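Which chain is which? The protein sequence lines are A and B, in order. The C-terminal residue of the first sequence carries number 277 in our numbering, and the numbering is unbroken. The C-terminal residue of the second sequence carries number 277 in our numbering, and the numbering is unbroken. Backbone N, C-alpha and C fix where the C-beta goes; we use that ideal spot for every residue, glycine too. Because the structure is a prediction, the values reported are computed rather than measured.
Number of protein chains: 2
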Amino acid sequence: MSLVTLYNACQVCGDQSSGKHYGVSCCDGCSCFFKRSVRKGSHYACIAVKGNCVVDKARRNWCPSCRFQRCLAVGMNIAAVQEERGPRSQQAQSSQRLLAQTPPAPPSPPAPTVHFQILAQILVTCLRQAKLNEQFRLVARAQQDAILQVVWSECFILRASHWSLDISAMIESCGDMQLKFMLSEAQQLRADLMELNFLETLILCRKELALNADYALILETYSNGALCSLARYTLHRSHWLRFGQLLLGLRQLSLQRYDCALSCMFRNVVRDILKTL
Amino acid sequence: MSLVTLYNACQVCGDQSSGKHYGVSCCDGCSCFFKRSVRKGSHYACIAVKGNCVVDKARRNWCPSCRFQRCLAVGMNIAAVQEERGPRSQQAQSSQRLLAQTPPAPPSPPAPTVHFQILAQILVTCLRQAKLNEQFRLVARAQQDAILQVVWSECFILRASHWSLDISAMIESCGDMQLKFMLSEAQQLRADLMELNFLETLILCRKELALNADYALILETYSNGALCSLARYTLHRSHWLRFGQLLLGLRQLSLQRYDCALSCMFRNVVRDILKTL
DNA sequence: CTCGGTCATGGTTCAAG
DNA sequence: CTTGAACCATGACCGAG
Ligand SMILES: [Zn+2]
Ligand SMILES: [Zn+2]
Ligand SMILES: [Zn+2]
Ligand SMILES: [Zn+2]
Numbered sequence: 001m002s003l004v005t006l007y008n009a010c011q012v013c014g015d016q017s018s019g020k021h022y023g024v025s026c027c028d029g030c031s032c033f034f035k036r037s038v039r040k041g042s043h044y045a046c047i048a049v050k051g052n053c054v055v056d057k058a059r060r061n062w063c064p065s066c067r068f069q070r071c072l073a074v075g076m077n078i079a080a081v082q083e084e085r086g087p088r089s090q091q092a093q094s095s096q097r098l099l100a101q102t103p104p105a106p107p108s109p110p111a112p113t114v115h116f117q118i119l120a121q122i123l124v125t126c127l128r129q130a131k132l133n134e135q136f137r138l139v140a141r142a143q144q145d146a147i148l149q150v151v152w153s154e155c156f157i158l159r160a161s162h163w164s165l166d167i168s169a170m171i172e173s174c175g176d177m178q179l180k181f182m183l184s185e186a187q188q189l190r191a192d193l194m195e196l197n198f199l200e201t202l203i204l205c206r207k208e209l210a211l212n213a214d215y216a217l218i219l220e221t222y223s224n225g226a227l228c229s230l231a232r233y234t235l236h237r238s239h240w241l242r243f244g245q246l247l248l249g250l251r252q253l254s255l256q257r258y259d260c261a262l263s264c265m266f267r268n269v270v271r272d273i274l275k276t277l
Numbered sequence: 001m002s003l004v005t006l007y008n009a010c011q012v013c014g015d016q017s018s019g020k021h022y023g024v025s026c027c028d029g030c031s032c033f034f035k036r037s038v039r040k041g042s043h044y045a046c047i048a049v050k051g052n053c054v055v056d057k058a059r060r061n062w063c064p065s066c067r068f069q070r071c072l073a074v075g076m077n078i079a080a081v082q083e084e085r086g087p088r089s090q091q092a093q094s095s096q097r098l099l100a101q102t103p104p105a106p107p108s109p110p111a112p113t114v115h116f117q118i119l120a121q122i123l124v125t126c127l128r129q130a131k132l133n134e135q136f137r138l139v140a141r142a143q144q145d146a147i148l149q150v151v152w153s154e155c156f157i158l159r160a161s162h163w164s165l166d167i168s169a170m171i172e173s174c175g176d177m178q179l180k181f182m183l184s185e186a187q188q189l190r191a192d193l194m195e196l197n198f199l200e201t202l203i204l205c206r207k208e209l210a211l212n213a214d215y216a217l218i219l220e221t222y223s224n225g226a227l228c229s230l231a232r233y234t235l236h237r238s239h240w241l242r243f244g245q246l247l248l249g250l251r252q253l254s255l256q257r258y259d260c261a262l263s264c265m266f267r268n269v270v271r272d273i274l275k276t277l
């Protein structure tokens, strides 16, 4: 198992998710199960009485009670299940649907289109640069794309915070405090070009994102190589405290919340960008 | 015999087929027989020893061994037999109960109460330990609490993954794939007690979480101190690489998604726990 | 993109053998 | 016991807005 699959995991059973359903990222099975359970209004009793049955892909059908409890525990919204409609042939519609829309819709940011375009350009440049990374370029394309779909934002923050031109006005206009804060924090690393390249390798070659054990080994080798190079380089030019600070700085690059402006703007287009590279 | 009959014929015994089962068009009887045989793992012996008994509608029950062999011969897929499900008996009750038992949007402790309690105990221990951390204990309480409300989960993952007792059963019962994965990844750090303490300091003393500039300076000092200590310690006992790997390991500790089980369970009670410490 | 419904194919049940 | 006809549940798939 890898983090890549976990990103698309059903929050109820861990199976492959098919998107958000009733407010929660989950699989078709759990979505359908939740709908039927709410519709029928059936109250299950735990098979094992204790109410702590394991709910995973293989065993999710063992105990409907515990599966339903888990649906609720991860936040699936009963109110979002609509009234049963007739067969598809008939066109009977009810007005009750308005009551049952799922509430948590992250507001899409009205960023000025020009600035959006420029940020998108920066993102494309970052992704292109990543694919040219000295180590990462040697990784198979499928593995590359799987990784980039997770870490694209870290590459973006790293490179954008050290962009040669001043892009602060653009960031300002996005109105996202978190993005602004993260970029300014990352700027304080004041990494030079060599350091940036090593850090990029460390972002890209995370063995937890490997699709299988073979890739994991390769990625770990690259990561260790970048660690050694970075250590030698920083030790040569300054103090080795610098080495540790740069590595700690990597923590600041990951988006803390899923619904920041950057994520909202670009998470859905990253896949499309990757196809063109 | 007509084509229609052939098409609808059980490929095992020639009886009327009821659709595809386990990848093969076959009758209810053969389908059921195959499932039971696989589930029980029964190894039949041919009644006639020779293993070439006729399997047709009339004689299919004569020799289970030859019937099962024929199931396999026509390509029935053992992997398509699912895990057994719980009994279907006592379930449907009134719909009033469902709505009555429904916890509102933030679902308080989910079902497995015993394991929840133990995990909560571990969390409390982690938080208490954090407050006793050599550097962090010197920070003002308000700043401490502000930081812990963000990084509590990282402390938890770090300590729980290196817990002295085996807590894997408890983690398993949570049914959260991400939590399980993160703990197993963190375990691979195999940090000793000293390393754990330094890493804890690095988690707790993040200057980005400072409430003001003064605290930021203090936290940075502590963080740098822990970096130095950790560097000296690892360099003394092993290799530079180890130092870098431990720092990179810190990345794995942060919850990637806001709605994993750990977060659902505890994010609302962390504040209350902190009040009591 | 996430609602809805559909239906082939999983599952269990239980009288009959 | 095992069998299999009858019935229930599941989830991959598709259309609508
Ligand atoms: Zn699921
Ligand atoms: Zn149960
Ligand atoms: Zn048959
Ligand atoms: Zn035989």
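Beta-carbon proximity list for LEU230 of chain A, same chain, < 6 Å, skipping 5 on both sides: Taking LEU230 of chain A as the centre and dropping the five residues before and after it, the same chain places the C-beta of PHE198 closer than 6 Å to its C-beta, in chain order.
Output the distance between the C-alpha atoms of LEU274 of chain B and ASP145 of chain B, rounded to the nearest integer angstrom. Distance between the alpha carbons of LEU274 of chain B and ASP145 of chain B: 7 Å.
Provide the residue(s) that pair with LYS20 of chain B in DSSP beta bridges, ordered along the chain. According to DSSP, LYS20 of chain B bridges with B:SER25.
Can ASN176 of chain B be considered in contact with ligand 1, in the sense that its beta carbon sits closer than 7 Å to one or more heavy atoms? It should be pointed out that residue 176 of chain B corresponds to Asp in this sequence rather than to Asn. Remark: the C-beta of ASP176 of chain B is outside contact range of ligand 1, defined as less than 7 Å to any heavy atom.
Can you tell me whether CYS53 of chain A sits near ligand 1, meaning its C-beta is under 7 Å from at least one heavy atom of the ligand? Proximity of the beta carbon of CYS53 of chain A to ligand 1 is not indicated: no heavy atom of the ligand is located closer than 7 Å.
With distances taken from each beta carbon to the nearest heavy atom of ligand 1, which residues come in below 6 Å, in chain order? A residue is listed when its beta-carbon falls short of 6 Å from at least one non-hydrogen atom of ligand 1; in chain order these are A:CYS10, A:VAL12, A:CYS13, A:ASP15, A:CYS26, A:CYS27, A:GLY29 and A:CYS30.
For PHE34 of chain A and GLY29 of chain B, I'd like the C-alpha separation in whole angstroms. Going by the C-alpha atoms only, they are around 32 Å apart.
Using a Cβ-Cβ cut-off of 6 Å (strictly less than) and excluding sequence neighbours within five positions of VAL139 of chain B, which residues of its own chain qualify? There are no such residues.
Would you call the CB atoms of GLN129 of chain B and ARG159 of chain B closer than 8 Å? Yes, these two residues count as a Cβ contact at 8 Å.
Taking contact to mean at least 3 C-beta pairs separated by less than 8 Å, is the segment 229-249 of chain B in contact with the segment 171-181 of chain B? Because the criterion of three Cβ pairs below 8 Å is not met, the segment 229-249 of chain B and the segment 171-181 of chain B do not touch.
Sequence-distant residues of its chain with Cβ nearer than 7 Å to CYS27 of chain A (five each side left out): By the criterion of a C-beta distance shorter than 7 Å, CYS27 of chain A is surrounded in its chain by CYS10, CYS13, ASP15, GLN16, SER17 and SER18, once the five residues flanking it on both sides are discounted.
Pull up the DSSP beta-bridge partners for ALA9 of chain B, would you. Under DSSP, ALA9 of chain B shares a beta bridge with B:GLN16.
Which chain B residues are close to LEU241 of chain A, counting only those with a beta carbon under 7 Å from its beta carbon? Scanning chain B for C-beta atoms nearer than 7 Å to the C-beta of LEU241 of chain A yields ASN224, LEU227 and CYS228, reported in chain order.
List, in order along the chain, the chain B residues whose C-beta lies closer than 8 Å to that of SER31 of chain A? Under a criterion of Cβ atoms nearer than 8 Å, no residue of chain B is adjacent to SER31 of chain A; the nearest Cβ is some 15 Å distant.
Secondary structure of CYS260 of chain A, DSSP reduced to three states: Of the three classes helix, strand and coil, the one that applies to CYS260 of chain A here is coil, per DSSP.
For the alpha helix (DSSP H) that ASN224 of chain A lies in, which residues bound it at each end? First-last of the alpha helix (DSSP H) with ASN224 of chain A: 213-237.
Under the three-state reduction of DSSP, which class applies to GLU83 of chain B: helix, strand or coil? Residue state, collapsed to three classes: coil.
Proximal residues of chain A, C-beta to C-beta of ALA231 of chain B below 7 Å: Against ALA231 of chain B, the close residues of chain A are TRP240 and GLY244, in the order they occur along the chain (beta-carbon pairs closer than 7 Å).
What do you get for TYR215 of chain B, buried or exposed, if any count of 16 or more other CB atoms within 10 angstroms of its CB means buried? Burial call: buried.
Kindly list, in the order they appear in chain B, the residues whose Cβ is closer than 9 Å to that of CYS205 of chain A. Within 9 Å Cβ-Cβ: nothing; CYS205 of chain A doesn't reach chain B, min ~10 Å.
As a quick exercise: from B:GLN143, B:CYS46 and B:ARG39, pick the residue whose alpha carbon is nearest that of ASN77 of chain B. ASN77 of chain B has its Cα closest to that of B:ARG39, out of B:GLN143, B:CYS46 and B:ARG39.
Taking C-alpha atoms, which residue in B:ILE218, B:HIS236, B:ILE203 and B:PHE116 lies nearest to LEU247 of chain A? Closest by alpha carbon: B:ILE203.
Ligand 3 and ARG60 of chain B: does any heavy atom of the ligand fall closer than 7 Å to the residue's C-beta? ARG60 of chain B Cβ: within cutoff of ligand 3.
Does DSSP put GLN135 of chain A in a helix, a strand or coil? Reduced to three states, the DSSP call for GLN135 of chain A is coil.
Would you check if there are 3 or more beta carbon pairs closer than 8 Å linking the segment 181-200 of chain A to the segment 152-170 of chain A? The segment 181-200 of chain A is in contact with the segment 152-170 of chain A.
Would you mind stating whether SER161 of chain A and GLN135 of chain A have Cβ atoms separated by less than 8 Å? Annotated as distal: SER161 of chain A and GLN135 of chain A, with beta-carbon spacing of 8 Å or more.
Where ASP145 of chain A sits in the DSSP three-state scheme: It is helical.
8 Å is my cut-off, CB to CB: does LEU247 of chain B come that close to chain A? Among the CB atoms of chain A, one or more fall inside 8 Å of the CB of LEU247 of chain B.
Cβ-based burial, GLN149 of chain B [other Cβ within 10 Å; buried from 16]: That one is exposed.
For ligand 2, is there any heavy atom lying closer than 7 Å to the beta carbon of CYS71 of chain A? Incorrect: CYS71 of chain A has no Cβ contact closer than 7 Å to ligand 2.
Taking the alpha helix (DSSP H) that ILE78 of chain B belongs to, which residues open and close that run? Careful: ILE78 of chain B lies outside any alpha helix (DSSP H) and carries neither H nor E.
Whose Cβ in chain B lies nearer than 8 Å to the Cβ of GLU185 of chain A? Annotation: Cβ neighbours of GLU185 of chain A in chain B (cutoff 8 Å, chain order): GLU208.
In or out: THR234 of chain B buried (at least 16 other Cβ within 10 Å) or exposed? Buried.
Mind checking the segment 41-66 of chain B against chain A and listing, in chain order, the residues whose C-beta falls within less than 7 Å of any C-beta there? Residues passing the 7 Å Cβ filter: none.
In angstroms with no decimal places, state the Cα-to-Cα distance between LYS50 of chain A and LEU250 of chain B. Their Cα atoms are separated by approximately 36 Å.
Nearest-angstrom Cα separation, counted from ASN212 of chain A out to LYS131 of chain B: Straight through space, the alpha carbons of ASN212 of chain A and LYS131 of chain B are spaced by roughly 39 Å.
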